[in-house]
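Reviewing the structure listed below.
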Amino acid sequence: MRNFVESLYDTTLELSSRKKHSLALYPLVTCLLCVSQKQFFLNRWHIFLNNCLSNLKNKDPKMARVALESLYRLLWVYMIRIKCESNTTTQSRLITIITTLFPKGSRGVVPRDMPLNIFVKIIQFIAQERLDFAMKEIIFDFLCVG
């Protein structure tokens with residue numbers, strides 16, 4: 001499995017950045033990262049994470065949905081299976097994700113018109129490992145507390 005992931009990943013990631021292939025290849029890149037070993041995932045996921053975050057505001061709702069679902073799966077692996085990284089690295093990655101999905105001072109989410117259960121699950125994954133972060137950075141902001 002390790003050799004399979006390593007042989008496909010770089011080419012697939014490169015092709016996924018092309019508009020023509022992105023809808024089909026985002027799920028494949030996500031799958032390759034999700035089944036990869038811990039160190040492989042930690043060394044590479046942030047590059048694809050940035051691609052996903054930039055596509056959340058894509059005008060094509062299908063691409064925004066695929067990017068959100070990829071983000072959702074990657075976050076599960078990062079938070080639940082791998083149990084994060086160092087405190088500062090994890091904090092900075094989560095801040096980047098949260099500020100993109102839940103803009104400060106806004107009750108809306110990005111991307112709009114997506115199933116809310118995905119956003120609920122994202123908050124749950126974060127809260128399961130970092131409850132204090134989830135409360136302070138997400139929940140209290142939604143409740144306009146603090």
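First residue of the sequence shown? That's 1 in the UniProt record's numbering, and the numbers climb one at a time after it.
Using N, Cα and C, we set each Cβ at its ideal position, and we do this for glycine too.
Membership of Val145 in any alpha helix (DSSP H) is not indicated, and neither H nor E is assigned to it by DSSP.
Leu75 sits away from Phe133, with the two beta carbons spaced by 8 Å or more. The C-alpha of Val109 is placed about 29 Å away from the C-alpha of Glu14.
Counting C-beta pairs with one atom in each stretch, the region 92-108 and the region 53-71 have three or more that are closer than 8 Å, which means they touch.
Cβ-Cβ separation between Leu56 and Ala67: approximately 5 Å, consistent with a contact (criterion under 8 Å).
The C-alpha of Leu32 lies about 26 Å from the C-alpha of Lys59.
Straight through space, the alpha carbons of Pro27 and Arg65 are spaced by roughly 11 Å.
By the CB criterion at 8 Å, Ile80 and Gln128 fall inside the cutoff. Relative to Ser106, the option among Leu143, Cys84, Val120 whose CA is nearest is Leu143. For Lys62, the enclosing alpha helix (DSSP H) begins and ends at 61-76. Membership of Arg2 in the alpha helix (DSSP H) is indicated by the continuous run 2-16. Membership of Cys84 in any alpha helix (DSSP H) is not indicated, and neither H nor E is assigned to it by DSSP. Excluding sequence positions up to five before and after Cys84, its CB lies within less than 7 Å of the CB of Tyr78, Thr90, Glu129, all in the same chain and listed in chain order. Here Leu25 is near Ser16, since their CB atoms are less than 8 Å apart.
In the DSSP annotation of this structure, the continuous segment of the alpha helix (DSSP H) that includes Phe48 starts and ends at 38-55.
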